[in-house]
Amino acid sequence: MCQLRPLGRRAGHPQSRRFRGGLRRARIPPAIALLAGLGLLLFLLPLAGLIIQAPWNQALGELADPTTTTALGLSIFCSLTATAIALVLGIPLAMILARTRGTLRNVLRALTTLPMVLPPVVGGVALLLAFGRHGVAGSFLRQWFGIQIPFTTAAAVMAETFVAMPFLVIAVEAGLRSLDHRYEEAARSLGAGYWRVFTRVTLPLLRPAIVSGAVLCWARALGEFGATITFAGNFPGR
């Protein structure tokens with residue numbers, strides 16, 4: 258006659274052993290944890306110093322100065338405008354980078370990410386050489402259309418777009434590469450045209466990547482100084 262063996266501690270032992278083994282595998286070695294902690298301190302200590310040592314009373318008083326409020330408003334306006342331009346130009350560029358292959362993609366990516374590695378002042382000088390009064394495109398714009406870009410608000414927007422748009426392009430390209438293209442193919446098989454697929458399927462799926470890229474782009478544009486002061490100057494209110 259067959260006897261049933263009661264389930265006890267021994268029967269559950271393999272599962273508990275696998276569970277403990279998984280915990281051991283998930284543990285971080287002390288050396289890695291130490292290095293990670295040092296890296297975290299590298300971020301936290303400057304922020305703590307800024308919060309603790311900054312003269313907040315004086316800073317709050319400076320914010321009430323009309324010159325400061327004008328400069329702050331101009332900075333916010335230029336950074337938001339640069340972010341909007343980066344969205345219009347950067348999303349199509351990210352689509353090309355995500356859907357091309359070979360040498361062309363490598364060249365385009367190198368050109369797109371170049372402003373990220375250029376020193377800010379060098380970026381400003383490059384913009385002056387391109388759009389200045391005697392620049393490659395600037396002389397043509399001044400001679401034929403009477404447009405002069407340097408040392409204007411438009412120059413500040415252009416400089417911020419130049420240095421900040423790569424952050425948006427990289428984020429959106431990563432989102433496009435991880436996108437499940439079966440949704441787009443299903444929409445096309447149902448008769449949707451290219452623009453309908455783009456606006457109703459692709460863009461909604463890319464929303465998290467676009468939002469994160471836009472936030473990074475705006476923060477970089479707001480904090481830009483070197484290229485802006487070289488190309489747009491530092492005239493008060495301009």
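The numbering of the sequence shown is my numbering, which starts it at 258 and goes up by one.
Where a beta carbon is used, it is the ideal one built from N, C-alpha and C, also for glycine.
Taking every protein chain shown into account, the CB of E442 has fewer than 16 other CB atoms within 10 angstroms, so this residue is exposed. For G306, the enclosing alpha helix (DSSP H) stretches over residues P287 to Q310. It is roughly 15 Å from the alpha-carbon of P349 to the alpha-carbon of V468. Between A416 and A484, the C-beta gap is smaller than 8 Å, which places the two residues in contact.
Under the DSSP assignment, Q400 falls in the alpha helix (DSSP H) whose first and last residues are G395 to F402. If you keep only unbroken alpha helix (DSSP H) runs of at least 4 residues inside the region 351–381, you get 360–374. One alpha carbon belongs to L365, the other to L463, and they sit about 21 Å apart.
One thing to note: T326 has its Cβ no nearer than 8 Å to the Cβ of A478.
Sequence-distant Cβ neighbours of P376 in its own chain, meaning closer than 8 Å and more than five residues away, are G483. Counting the other CB atoms within 10 Å of its CB gives W401 a total below 16, which places it among the exposed residues.
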